[in-house]
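Engineer: Numbering (the numbering used here), first residue to last: 206 to 804. Using N, Cα and C, we set each Cβ at its ideal position, and we do this for glycine too.
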Ligand code: F6R
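(1) Is residue 660 a contact residue of the ligand F6R, with contact defined as CB to any heavy atom under 8 Å?
(2) From this set, 604, 598, 519, which residue's C-alpha is nearest residue 621's C-alpha?
(3) Please work out which residues of its chain come closer than 8 Å, Cβ to Cβ, to residue 795, disregarding the five sequence neighbours upstream and downstream, and give them in chain order.
(4) Leaving out the 5 sequence neighbours to the left and right, which residues in its chain are closer than 6 Å to residue 643 when beta-carbon positions are compared?
(5) Quick one: does the C-beta of residue 679 sit closer than 8 Å to a heavy atom of the ligand F6R?
(6) Would the beta-carbon of residue 710 fall within 9 Å of that of residue 749?
(7) Compute the Euclidean distance between the alpha carbons of residue 661 and residue 453, then round it to the nearest angstrom.
(8) Does the beta carbon of residue 529 fall short of 8 Å from some heavy atom of the ligand F6R?
(9) Residue 555: beta carbon under 8 Å from a heavy atom of the ligand F6R?
(10) Could you pull the start and end residues of the alpha helix (DSSP H) that residue 586 belongs to?
(11) Please name the residue, chosen from 345, 358, 625, that lies closest to residue 375 on a Cα-to-Cα basis.
(12) Would a C-beta distance cut-off of 9 Å place residue 267 and residue 243 closer than the cut-off?
(13) Check the C-beta distance from residue 654 over to residue 732 and give it rounded, since I have them as a contact under 8 Å.
(14) Taking only runs that begin and end inside the segment 463 to 508, name each unbroken alpha helix (DSSP H) of 4 or more residues, in chain order.
(15) In the segment 575 to 645, which residue ranges form an unbroken alpha helix (DSSP H) of at least 4 residues, counting only runs that do not cross its ends?
(16) Cβ of residue 588 within 8 Å of any heavy atom in the ligand F6R?
(17) When the Cα atoms are used, what is the spatial distance from residue 487 to residue 478?
(18) Rounded to whole angstroms, how far is the Cβ of residue 591 from the Cβ of residue 606, which I believe are closer than 8 Å?
(19) Could you check if residue 552 belongs to the surroundings of the ligand F6R, using beta carbon to heavy atom distance under 8 Å?
(20) In terms of residues, what are the limits of the beta strand (DSSP E) holding residue 727?
(21) Between which two residues does the alpha helix (DSSP H) containing residue 699 stretch?
(22) I'd like the list of long-range same chain contacts for residue 601, defined as Cβ closer than 8 Å, with 5 residues on each side in sequence excluded.
(23) Smallest Cα separation from residue 262: which of 402, 467, 249?
(24) Buried or exposed: which applies to residue 664, given that a residue is buried once 16 or more other Cβ atoms fall within 10 Å of its Cβ?
(25) For residue 234, which three-state DSSP category applies?
(26) With a CB to CB cut of under 6 Å and the five nearest residues on each side skipped, what residues in its chain are close to residue 318?
(27) Considering residue 188, what are the terminal residues of the beta strand (DSSP E) in which it resides?
(28) If you draw a straight line from the C-alpha of residue 528 to the C-alpha of residue 543, how long is it?
(29) Less than 9 Å separating the beta-carbons of residue 792 and residue 597?
(30) Of the residues 433, 364, 599, which one's Cα is nearest the Cα of residue 403?
(31) From this set, 560, 323, 484, 645, which residue's C-alpha is nearest residue 586's C-alpha?
(32) Alpha carbon to alpha carbon, how far is residue 491 from residue 583?
(33) Going by DSSP in three states, residue 262 sits in which element: helix, strand or coil?
(34) Just to check, is the beta-carbon of residue 523 closer than 8 Å to a non-hydrogen atom of the ligand MG?
(35) Taking only the alpha-carbon atoms, compute the straight-line gap between residue 505 and residue 636 and give it to the nearest angstrom.
(36) May I ask you to list the residues that DSSP assigns as paired with residue 250?
This is how it looks when you write it as structure tokens:
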């Protein structure tokens, strides 16, 4: 996730671009840059925040674009910062999204000189090639976006060309219509100090902004995009209109999940291509064990990943709390892989575990959201989950993205070990592709979940139960609720309930039960009966068409082993609304920090 901005009008562009980027920094802040265009193009960009940008005092240009970056392809360096330019230095591009086929596109430009490791730079060179063929900038960008696979919000300027050309597909882009000029931006936040009149571009739109107006084309035909008035104040807009970052991030899951798989599944063959992984076939063929290490929510994602790996790749896998990890005895370091999973890539316990493994000669793989993090730098291999910045302290979208990336990892390992059952593999890949839509379906039921959460918010304690893939989700559901509502909440493997925790169950303790596919629901239904006969109300998350006698029931669509991930979205929203009902500080729960850098 990155932030982009553009301005063309009667006033100086630089201060508008810089102030706008500062408003967008919540979308990423590892590098920044602006390009100013008149008869010449001037580009200023570097690693660091917008405030670090080294800019001249006098900049008369009244047209420009800007970018604040959250790295996905390539480290946060000066060269990888946007805007990216073509060989001639006359075209500049800012981009938010992922260009899945950038390698392929790059190969079509053998004579061009590339200066960065990003997926974006190829757009500048493709536009250059189109301009050389004699078309104008709008036509050039329209031709280029036709060739792009993946997601993009683009802003493009060129020396000697009066205007900004913008385009979008699966990444947000808003046009602002101001009294002294027109804007593009990733969201309305930076626009509000200039104008409340905006229009939202749709997928496939190519917009042309000049000082006097904005025209939008779709498939070459002129289209009308309604201008609406934004009611939000600037603070609400930063959260995309949501009351809390956590709620916004829960709702960002479909996009985050699409980004996690973008370019990693061959659309024709349906095969997984996790190019980031450099583990050799020989190493994987000879491996005895994969040890996952992580903390908190990331630990729960590992519990899910371990079961997927064992099921698909027929390799022994273990999960350990990173703070408890020791290499242990009886292992051959050369036949062991340690996988550390961390949203931040900076969690001290997880880094310690990885270093311990490394010192013993064990190969390490990091799975993280944060490019340039310590984990990414220190591990032998790294795979990014590409969920975009997560600001709410409670991890939400990154859990789903971690599990999806671990599923891609499990499929890759299974394939390389020749263990992948073709039917099972194909089905999981299809389910991964359908997951964002299924998650959206759960999000669409937010109002119904809120009603249930408010009805049960006064519970004395809350228990979460599930088996198999339902177990990590039960633990995660309880963790979410306890950390933001401060209620007593606990998750158990459903079968364990009768071995002790059942003593705590009363009419005042709602039980949230995961009964979807992948959780052995027929067995958990017995545990549901046990708690109901002690008076506890049951909120059940079931697979499609599964009847049952529950106080509240929500169905998730058919999605095989990924159904519990959709159930998890209901649990996230339940936790959010219970906490909101109690007026808790949801984005900054007491005593907790987003990144725990102490052991
Ligand atoms: C819970 C939560 C924490 C983190 C844990 C690990 O909502 O956010 O439990 O999951 O501190 O953090 P990372 O994933 O950054 O290593």
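Structural biologist: A quick look at the data gives this:
(1) As a working note, residue 660 is residue 455 in the chain shown. Answer for residue 660: no, Cβ out of range of the ligand F6R.
(2) Counting from 1 along the chain shown, the entry for residue 621 is found at position 416. Of 604, 598, 519, the residue nearest in Cα terms is 519.
(3) Taking the first residue of the chain shown as position 1, residue 795 is located at position 590. Excluding sequence neighbours, residue 795 sits near 691.
(4) Residue numbering aside, residue 643 sits at position 438 when the chain shown is read from its first letter. 762, 764, 771.
(5) Numbered from its first residue, the chain shown carries residue 679 at position 474. No - the ligand F6R has no heavy atom lying nearer than 8 Å to the Cβ of residue 679.
(6) Taking the first residue of the chain shown as position 1, residue 710 is located at position 505. Taking the first residue of the chain shown as position 1, residue 749 is located at position 544. Cβ distance not < 9 Å, so residue 710 and residue 749 don't count as in contact.
(7) Position 456 of the chain shown, counting from 1, holds the residue named residue 661. Position 248 of the chain shown, counting from 1, holds the residue named residue 453. Using only the alpha carbons, I get a separation of about 23 Å.
(8) Along the chain shown, one-based indexing puts residue 529 at 324. Because no heavy atom of the ligand F6R lies under 8 Å away, the Cβ of residue 529 does not count as near it: no.
(9) Here residue 555 refers to the residue found at position 350 of the chain shown. Yes, the beta carbon of residue 555 sits closer than 8 Å to at least one heavy atom of the ligand F6R.
(10) The sequence position of residue 586 within the chain shown is 381, counting from 1. That residue, residue 586, is in no alpha helix (DSSP H); its beta strand (DSSP E) goes 586 to 589.
(11) Here residue 375 is taken as the residue at index 170 of the chain shown, counted from 1. Closest by alpha carbon: 358.
(12) Within the chain shown, numbered from 1, the residue matching residue 267 stands at position 62. Within the chain shown, numbered from 1, the residue matching residue 243 stands at position 38. Contact flag set, yes.
(13) Numbered from 1 along the chain shown, position 449 holds the residue referred to as residue 654. Numbered from 1 along the chain shown, position 527 holds the residue referred to as residue 732. Actually they are not in contact, since the Cβ atoms of residue 654 and residue 732 sit about 23 Å apart, beyond 8 Å.
(14) 486 to 490
(15) 579 to 583, 602 to 621
(16) Residue mapping note: residue 588 aligns to position 383 of the chain shown, counting from 1. No.
(17) Numbered from its first residue, the chain shown carries residue 487 at position 282. Numbered from its first residue, the chain shown carries residue 478 at position 273. Going by the C-alpha atoms only, they are around 18 Å apart.
(18) As a working mapping, residue 591 is identified with position 386 in the chain shown. As a working mapping, residue 606 is identified with position 401 in the chain shown. At roughly 7 Å, the Cβ-Cβ gap stays under 8 Å, so residue 591 and residue 606 are in contact.
(19) For this step, residue 552 is matched to residue 347 along the chain shown. Yes, since a heavy atom of the ligand F6R falls inside the 8 Å radius drawn around the Cβ of residue 552.
(20) The residue given as residue 727 occupies position 522 in the chain shown. Here residue 727 belongs to no beta strand (DSSP E); instead the alpha helix (DSSP H) covers 726 to 737.
(21) The residue given as residue 699 occupies position 494 in the chain shown. From DSSP, residue 699 is part of no alpha helix (DSSP H); its letter is neither H nor E.
(22) What you label residue 601 is simply residue 396 of the chain shown in a count that begins at 1. Only 451, 454, 455, 458, 595, 685, 777 meet the Cβ criterion.
(23) Looking up residue 262 in the chain shown gives position 57. Ranking 402, 467, 249 by Cα distance to residue 262 puts 249 first.
(24) The residue given as residue 664 occupies position 459 in the chain shown. Buried: at least 16 other Cβ atoms inside 10 Å.
(25) Position 29 of the chain shown, counting from 1, holds the residue named residue 234. The answer is coil: DSSP assigns residue 234 none of H, G, I, E or B.
(26) On the chain shown, position 113 is the one that residue 318 refers to. Once the five neighbours on either side are set aside, the close Cβ partners of residue 318 are 292.
(27) It is not possible to answer for residue 188, since the shown part of the chain is limited to 206 through 804.
(28) One-based indexing of the chain shown puts residue 528 at position 323. One-based indexing of the chain shown puts residue 543 at position 338. Near 14 Å, if we compare the C-alpha coordinates of residue 543 and residue 528.
(29) The count along the chain shown starts at 1 and reaches residue 792 at position 587. The count along the chain shown starts at 1 and reaches residue 597 at position 392. The answer is yes: Cβ separation under 9 Å.
(30) Translated into the one-based positions of the chain shown, residue 403 becomes position 198. The alpha carbon of residue 403 has as its nearest neighbour, out of 433, 364, 599, the alpha carbon of 433.
(31) Counting from 1 along the chain shown, the entry for residue 586 is found at position 381. Looking at the Cα atoms, 484 is the closest of the given residues.
(32) On the chain shown, residue 491 is found 286 positions in, with the first residue counted as 1. On the chain shown, residue 583 is found 378 positions in, with the first residue counted as 1. Distance between the alpha carbons of residue 491 and residue 583: 24 Å.
(33) If you number the chain shown from 1, residue 262 lands on position 57. In the three-state scheme derived from DSSP, where H, G and I count as helix and E and B as strand, residue 262 is classed as coil.
(34) Looking at this structure, you won't find the ligand MG anywhere; what it does contain is the ligand F6R.
(35) Looking up residue 505 in the chain shown gives position 300. Looking up residue 636 in the chain shown gives position 431. Distance between the alpha carbons of residue 505 and residue 636 is about 20 Å.
(36) By 1-based counting over the chain shown, the position of residue 250 is 45. DSSP lists 238 as partners of residue 250.
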